[in-house]
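Notes follow once the structure below has been shown.
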Amino acid sequence: MFSQLLDQYLSILALERGYSSKTIEAYASDLNDFLSFVEGQGLSSPEEVKTPHVLLYLAHLRRRGFSAETVARKLSALRGFFRYLALEHGLSENPLALIESPKLSRKLPVVLSPEEVEKILEAPDTSTPIGLRDKAMLELLYASGLRVSELVGLKMYELNLDVGWVRVKGKGDKERLVPIGEVAQETLRAYLREGRPKLLGKRLDEPHLFLNRRGKPLSRQRFWQIIKSYAVRAGLDPREITPHVLRHSFATHLLERGADLRTVQMMLGHASLATTQIYTHVQAETLRRVHQKYHPRG
Numbered sequence: 002m003f004s005q006l007l008d009q010y011l012s013i014l015a016l017e018r019g020y021s022s023k024t025i026e027a028y029a030s031d032l033n034d035f036l037s038f039v040e041g042q043g044l045s046s047p048e049e050v051k052t053p054h055v056l057l058y059l060a061h062l063r064r065r066g067f068s069a070e071t072v073a074r075k076l077s078a079l080r081g082f083f084r085y086l087a088l089e090h091g092l093s094e095n096p097l098a099l100i101e102s103p104k105l106s107r108k109l110p111v112v113l114s115p116e117e118v119e120k121i122l123e124a125p126d127t128s129t130p131i132g133l134r135d136k137a138m139l140e141l142l143y144a145s146g147l148r149v150s151e152l153v154g155l156k157m158y159e160l161n162l163d164v165g166w167v168r169v170k171g172k173g174d175k176e177r178l179v180p181i182g183e184v185a186q187e188t189l190r191a192y193l194r195e196g197r198p199k200l201l202g203k204r205l206d207e208p209h210l211f212l213n214r215r216g217k218p219l220s221r222q223r224f225w226q227i228i229k230s231y232a233v234r235a236g237l238d239p240r241e242i243t244p245h246v247l248r249h250s251f252a253t254h255l256l257e258r259g260a261d262l263r264t265v266q267m268m269l270g271h272a273s274l275a276t277t278q279i280y281t282h283v284q285a286e287t288l289r290r291v292h293q294k295y296h297p298r299g
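So the mapping is simple: the working numbering equals the position in the sequence shown, first residue as 1, plus 1.
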């Protein structure tokens with residue numbers, strides 16, 4: 002019964018709420034982990050799950066060494082599932098009603114200085130098709146603040162260099178238009194002119210913009226490796242550099258130069274302004290460090 006209800010819930014997340022396949026996989030993993038645990042406790046239906054069972058599960062997670070962030074994520078998935086059971090299947094008692102999520106420390110995103118970004122952007126060897134591709138990807142990432150999944154998922158028809166826009170399909174299949182600057186446009190033109198045709202080979206019908214050596218779409222995992230290799234070449238710590246760091250830097254540098262928060266929210270594709278507001282905390286932290294370093298009484 003548990004697994005059947007879970008399958009129904011995941012279908013609703015996919016079909017009605019438009020969650021991506023990766024998000025559905027994450028929900029399925031978290032919820033199946035809980036179901037395996039309660040079935041091990043001899044429970045076979047949601048009605049049998051009570052608050053003490055959830056508390057036992059949380060203790061089980063702590064013994065397995067999960068971080069507070071992971072526990073909070075798993076609890077969030079469980080809350081959604083049991084809320085669905087209450088609304089759609091008449092579950093009489095929500096076992097998570099009195100359980101609080103663990104307190105999370107607020108980590109500020111890693112943000113590079115404009116000079117550090119420049120070092121990474123200048124690292125690719127643009128005399129090769131691969132270097133042209135990498136240069137175009139890095140420039141576009143910093144110019145637009147795309148998520149890495151959005152970047153590698155871009156199709157040729159979603160890029161319009163005549164007007165300097167890219168159409169992006171973000172979380173929940175929501176589309177947005179993001180402007181791209183002249184430098185990124187020029188590197189993209191160079192890639193389309195001299196790089197992509199050589200990578201494409203005979204796969205003339207391949208719609209993806211960024212390709213690997215075999216003419217197939219570049220994967221998220223491969224781009225992670227690529228950006229870390231350029232971090233090393235730029236003399237930066239590769240452990241600190243991810244595609245998301247360029248997204249963070251894009252947003253922070255815009256705000257530092259006077260962009261308004263709502264506009265940055267639209268470009269990032271954040272559903273809530275509160276998510277974007279963390280970049281104002283980054284600005285404040287940067288100002289504090291500068292004051293401490295340079296003020297006579299800092």
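Using N, Cα and C, we set each Cβ at its ideal position, and we do this for glycine too.
Where Leu14 and Pro47 are concerned, what is the direct C-alpha to C-alpha distance, given to the nearest angstrom? Taking the first residue of the sequence shown as position 1, residue 14 is located at position 13. Taking the first residue of the sequence shown as position 1, residue 47 is located at position 46. Leu14 and Pro47 have their alpha carbons spaced roughly 19 Å apart.
According to the neighbour-count rule (16 or more other Cβ atoms, all chains shown, within 10 Å of its Cβ), is Met306 buried or exposed? This structure does not reach residue 306, given that the chain is present from 2 up to 299, and the question cannot be answered.
Which term fits Val164, buried or exposed, when burial requires 16 or more other beta carbons within 10 angstroms of its beta carbon? Within the sequence shown, the letter at position 163 stands for residue 164. So Val164 ends up on the exposed side.
Would you be able to state if there are at least three C-beta pairs under 8 Å between the stretch 257-271 and the stretch 233-242? At 8 Å Cβ cutoff, the stretches do not touch.
Determine, for Ala124, whether the minimum Cβ-Cβ distance to residues of chain D falls below 9 Å. Annotation note: the requested chain D is absent from the structure, which comprises a single protein chain.
Between the CA atoms of Ala98 and Leu147 - distance to the nearest angstrom: Position 146 of the sequence shown holds residue 147. Position 97 of the sequence shown holds residue 98. Answer to the nearest angstrom: the Cα atoms are 37 Å apart.
Going by DSSP, which residues form a beta bridge with Val169? By 1-based counting over the sequence shown, the position of residue 169 is 168. DSSP output for Val169 lists Arg177 as bridge partner(s).
Nearest-angstrom Cα distance between Val50 and Lys203? On the sequence shown, position 49 is the one that residue 50 refers to. On the sequence shown, position 202 is the one that residue 203 refers to. Val50 and Lys203 have their C-alpha atoms some 57 Å from each other.
Is the separation between the beta-carbon of Leu247 and that of Ile100 shorter than 9 Å? Taking the sequence shown and counting its residues from 1, the one referred to as residue 247 is at position 246. Taking the sequence shown and counting its residues from 1, the one referred to as residue 100 is at position 99. No, the Cβ-Cβ distance between Leu247 and Ile100 is not below 9 Å.
Going along the chain, which unbroken runs of the alpha helix (DSSP H) with 4 or more residues stay wholly within the stretch 12-57? Counting only runs of 4 or more residues that sit fully inside the stretch 12-57, the alpha helix (DSSP H) segments are 22-41, in chain order.
Below 8 Å on the Cβ atoms is my contact criterion, and I expect Glu140 with Thr188 to pass it. Report the Cβ-Cβ distance as a whole number of Å. Here residue 140 is taken as the residue at index 139 of the sequence shown, counted from 1. Here residue 188 is taken as the residue at index 187 of the sequence shown, counted from 1. The pair is a contact, with the Cβ atoms about 4 Å apart (cut-off 8 Å).
Can you name, in chain order, every residue of its own chain whose Cβ lies under 6 Å from the Cβ of Tyr192, other than the five neighbours on each side? To locate residue 192, count along the sequence shown from 1; it is residue 191. For Tyr192, the CB contacts under 6 Å within the same chain, skipping 5 residues up- and downstream, are Leu133, Arg134, Ala137 in chain order.
Considering only C-alpha positions, which residue in the set Leu16, Val153, Glu17, Leu205 is nearest to Phe224? Position 223 of the sequence shown, counting from 1, holds the residue named residue 224. Comparing Cα positions, the closest option is Val153.
Does the stretch 71-80 come into contact with the stretch 25-36, if we say contact requires no fewer than three beta-carbon pairs (one atom in each stretch) closer than 8 Å? Enough Cβ pairs lie closer than 8 Å, so yes.
Paired residues, beta bridge with Pro218 - DSSP: The residue labelled residue 218 in the question sits at position 217 within the sequence shown. DSSP lists Leu212 as partners of Pro218.
Secondary structure of Pro297, DSSP reduced to three states: Position 296 of the sequence shown, counted from the start, is the residue given in the question as residue 297. Bear in mind that a pLDDT of 47 at Pro297, under 50, signals an unreliable position, so the number given afterwards is only what the model happens to contain. Pro297 sits in coil when the DSSP states are folded into three classes, being neither helix nor strand.
Helix, strand or coil for Leu147 per DSSP? Here residue 147 corresponds to residue number 146 of the sequence shown, with the count starting at 1. If DSSP states are grouped into helix, strand and coil, Leu147 belongs with coil.
Segments of 4+ residues assigned as alpha helix (DSSP H) that fall wholly inside the stretch 66-136: With a minimum length of 4 residues, the continuous alpha helix (DSSP H) runs that stay inside the stretch 66-136 are 69-90, 115-122.
Using three-state DSSP, classify Lys156 as helix, strand or coil. The sequence position of residue 156 within the sequence shown is 155, counting from 1. DSSP, reduced to helix, strand and coil, places Lys156 within a strand of the structure shown.
Spatial neighbours of Leu178 within its chain, please: C-beta separation below 8 Å, excluding the five flanking residues on both sides. To locate residue 178, count along the sequence shown from 1; it is residue 177. Beyond the five residues adjoining it in sequence on each side, Leu178 comes within less than 8 Å, by CB distance, of Trp166, Val167, Arg168, Val169 in the same chain, given in chain order.
For Ser150 and Leu160, I'd like the C-alpha separation in whole angstroms. Residue mapping note: residue 150 aligns to position 149 of the sequence shown, counting from 1. Residue mapping note: residue 160 aligns to position 159 of the sequence shown, counting from 1. Looking at the backbone, the Cα of Ser150 and that of Leu160 are separated by about 16 Å.
Nearest CA to the CA of Ile227: which residue from Tyr10, Asp126, Asp174, Leu57? Here residue 227 refers to the residue found at position 226 of the sequence shown. Taking only the C-alpha atoms, the option nearest Ile227 is Asp126.
How big is the Cα-Cα spacing for Thr24 and Asp31? As a working note, residue 24 is residue 23 in the sequence shown. As a working note, residue 31 is residue 30 in the sequence shown. Rounded to whole angstroms, Thr24 to Asp31 spans 11 Å at the Cα level.
So, for Pro297: in the same chain, excluding its five sequence neighbours on each side, which residues have a beta-carbon less than 7 Å away from its beta-carbon? Here residue 297 refers to the residue found at position 296 of the sequence shown. Because Pro297 carries a pLDDT of 47, less than 50, the predicted location of this residue cannot be relied on, and no value is offered for it.
Our contact map puts Arg214 next to Leu237 with C-beta atoms below 8 Å; I'd like the distance itself, whole angstroms only. Counting from one through the sequence shown, the residue named residue 214 turns up at place 213. Counting from one through the sequence shown, the residue named residue 237 turns up at place 236. Contact between Arg214 and Leu237 does not hold, since their C-beta atoms are separated by about 26 Å, which reaches or exceeds 8 Å.
Nearest candidate by alpha-carbon position, reference Tyr28, set Ser68, Ala69, Phe83: As a first step, residue 28 is located in the sequence shown; it is residue number 27 there, counting from the start. Comparing Cα-Cα distances from Tyr28 to each of Ser68, Ala69, Phe83, the minimum goes to Phe83.
Top-ranked residue by Cα proximity to Met157, from Val111, Leu212, Gly171, Ala124: As a first step, residue 157 is located in the sequence shown; it is residue number 156 there, counting from the start. If you compare the alpha carbons of Val111, Leu212, Gly171, Ala124 with that of Met157, the shortest gap goes to Leu212.
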